[in-house]
Each structure stands twice: as structure tokens, then as C-alpha cells.
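In the UniProt record's numbering, the protein residues as written are 1 to 420. Worksheet for the structure shown next.
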């Protein structure tokens, strides 16, 4: 599979493309053989893209006169409404795309049979030669120009799950009644696999959204027992929004939430962009790690963490100087300021909590030290501070600010600030 660029609407992004063609399926198939494959073997497929592609080519091998098809599924994701798979016999390719929220407001979607079927839950069979259908749905005329005779939109699975499949044929007279009945039967079996794959994808989305990529994947892989985890070496990141109490007193709760969302978006997005793992938001604070074993390209984990901290300062300065519309709508929040403490050490990365309610996080003295270093940013009036354990991993030596006593740490700790 490859992921080449293609001409797609702004809210639709190509994720993958398969070009296996008819060779991914047997040369000849009967509907009974496709049914047997769906029942016995198709469940082993790890990729819905490859499963869907093979299913379609098996349909073609069975002589069911299919020329175009697409599969559309809804999902549970904070930024996406769903995914789609598009197949075309002429090109032989099958694309997987992700669909952003903006797609639901586009005229192309609102004036499509997809929108009607998603609301009604009822199938539509469209003769592309029908002037009324072409007038109501612009896509019908486009399909007719491509030689498509019949275009069908079919709901898959429970209506509330918003899964739809389209099939189209150039066969004169459209789909024959017996062929269409067979196709509907096979699609009902396929929908069971679609539900399974989408449920797994939703679970992954939820885990990654609420726990982070690495922690979420560990939970999905079965690391769900209390006390289960591993000891890792990492640069620990602890950051805090300055003046949070004062802001909370001056702003109404909705405006304060808007401020926090913009602030955390700047921090969390930057940490992730530099290879870090955001673990949790704690009020106005953020805890993240840069595991030493992870690949950061030309940087070390120490350099990636410091570069991220500097980029965060630039992002927050950008919020202050050119606030986005949601922050520009009210006053009293500027200027936003942040403090970040960095320390490298050994931590336990895993499950803690009660038997009924667990949290996947990092604990250890290194976490406490990072938190104490962050607290010193207020006293030393430096937005970014680090310990010697981080400083020694940098190619460019930072500025030493001398030894300081940290609450809960036995010996004085030398603190450093990046040279900017």
C-alpha cells in the first residue's frame, strides 16, 4: 500500500491506497463461496481497507456487474466524523480516507443521496437517466457521464451507527433482480465485519484521546491490571499556567474553559509534534514524558523536550499577540504565561488506582522532582528550567542558575535554563 497525494476536498484526507487489483481475489467465485469466505476467513483481516478491497474483487469475480463502490462509516473521534473507502474498477485502486467535520456542511454532501440515506436509514436505487434524480442530486449527472446506469445507496448495520455502502453498475438496465438480491445478502454479512473493525477503531480513538498514544495502545494490548506496567527512563515534563487562580476569579467558567482549551492545545500539540507523550491534564497543569528509548530523529530525548518547551513559549506568545477568534471574543485573559520543569530519571509507567477505577500514568521520585523544578520557574522568573540530568544531554550547554533547594528533595539541585 502507498499513500500518494490526490485531489480531495479540504475536509477529506487520504490515509492509504491499495493497488492489488483483481489478483487479491480468486479469478472465479460463486456467491456461496463469497459467503463461506465471509463466514470463515474474512474475520482474520487486520485492515478494513484490504478486507473491503478483496470483498469487492470477489463480487466482480462472481459476475455481479459492479463498476464502482464506496463504504462510509461513522466513528467516535474529537476531530473526525468518519472514514470512507472508495473503489473503482477502471483504475483498479481502493482508497481509504478520513473525513473531518467540515464535510457534513459541504454542499456536495448535503445534496447527495448519502445524506438522505444516513437520515432515513432506507436504501435508494437511482436510475442515472432519471432527470428528476439528476436535478436533486448533482452526483447523478456526473455518474451518468461516466457511463453508470444505476447507483445504489444501502444502509449497513444499525441505523444509529451511520454506516452506508454505495454500488454502481454500467450494465444495461442496472442490477438484475437476482444479482441485487445476492448483493444485499452478502453486504449484510460484510456489515458484521465492518462493525467489528469500526468498534476496534473507536476503542483505539478513545484510548488515544484520553490516555495518549502509547498508554492507550498498552491498554488496548491488554495492560489493564492494577500494578501492571514497566519501568522506563524518560525526560519528565511538568508545566503549569501562571495566574490560574486569578484568571478563574475574573473570568466566567465558560470563558475560562476557552482559555484552558487554547492553552492546552498550544502545549499538547507541540509536545506531541516533538515526539513527547502527553499523559494527563491536571487542572491547569500538564504531565508528559519523552522516553529515552523513543526515536526523535536527529535529536536526543533531552533535546526534543527542550526544543518543545521553547516552541511552547513561542506558541503562547502567539496566542497573546494574535489570539484566535474564540479568545479574541472576550478580554481579561491576557497575557498567558507558562512555566515548564524538565527532569530525567526512572519512572514506573503503568496502572495505578483501585480495582474498579484505574489510571495509566507515571509515578516516581523523578516525577516529583520535575514538579518541584516547575515550581521554581515562579521564583527564578524563568519560563523553562531543567536539572543537570537533562542539561547533560544537550548539544548546546544551557545557562547554570546555581544550586537550589527543592521541597521533598534531600540534596540541593543545580538548575539550568536554555540559552535563547
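Where a beta carbon is used, it is the ideal one built from N, C-alpha and C, also for glycine. If you're wondering where the values come from, they're calculated on a predicted model, not measured in any experiment.
> What number of angstroms, rounded off, separates the C-alpha of residue 186 from the C-alpha of residue 180?
Replying inline: 10 Å
> In terms of alpha-carbon separation, which member of 168, 117, 121 lies closest to residue 140?
Replying inline: 168
> By Cβ distance below 7 Å, which residues in the same chain neighbour residue 92 in space, the five residues on each side in sequence not counted?
Replying inline: 19, 21
> Within 10 angstroms of its Cβ, does residue 29 collect 16 or more other Cβ (buried), or is it exposed?
Replying inline: buried
>> Can you tell me whether residue 405 is helix, strand or coil according to DSSP?
In response: coil
>> Please classify residue 200 as buried or exposed, where buried requires at least 16 neighbouring CB atoms within 10 angstroms.
In response: exposed
> So, are the CB atoms of residue 276 and residue 240 less than 7 Å apart?
Replying inline: no
> Beta-carbon separation of residue 370 and residue 236 under 7 Å?
Replying inline: yes
>> Suppose only complete runs of 3+ residues qualify. What are the beta strand (DSSP E) ranges in the region 109-154, listed by chain order?
In response: 124-127
>> Just to confirm the assignment: which complete beta strand (DSSP E) runs, minimum length 3, are found wholly within the region 38-103?
In response: 68-74, 80-88, 94-100
>> Tell me which residues share the same chain as residue 400 and place their Cβ nearer than 7 Å to its Cβ, disregarding the 5 neighbours each side in the sequence.
In response: 414, 416
> Looking at C-alpha atoms only, which residue of 340, 398, 345 is the closest neighbour of residue 379?
Replying inline: 340
> Should residue 326 be labelled buried (16 or more other beta-carbon atoms within 10 Å of its own) or exposed?
Replying inline: exposed
> Is residue 245 helix, strand or coil when you go by DSSP?
Replying inline: helix
> Apart from the five residues on each side of it in sequence, which residues of its chain come closer than 7 Å, Cβ to Cβ, to residue 346?
Replying inline: 231, 233, 364, 366
> Is the region 47-59 touching the region 121-131 in the sense that three or more CB pairs, one from each, lie closer than 8 Å?
Replying inline: no
>> Short of 6 Å in beta carbon distance, which residues of its chain neighbour residue 59, apart from the five on each side in sequence? Order them along the chain.
In response: 66
>> Alpha carbons only, please: which of 9, 119, 405 is nearest the one belonging to residue 74?
In response: 119
> Between which two residues does the alpha helix (DSSP H) carrying residue 264 extend?
Replying inline: 253-273
> Secondary structure at residue 291, three-state DSSP: helix, strand or coil?
Replying inline: strand
> Taking the C-alpha atoms as reference points, what is the distance between residue 242 and residue 336?
Replying inline: 7 Å
>> Quick check on the DSSP output: the beta strand (DSSP E) that includes residue 169 runs from which residue to which?
In response: 163-169
> Buried or exposed: where does residue 107 fall if 16 or more other Cβ atoms within 10 Å of its Cβ makes it buried?
Replying inline: exposed
>> Need the endpoints of the alpha helix (DSSP H) that residue 388 sits in, please.
In response: 388-391
> Got a sec? Which residues, its chain only, sit under 8 Å from residue 390 by beta carbon, not counting five neighbours each side?
Replying inline: 235, 302, 305, 306, 342, 343, 344, 416
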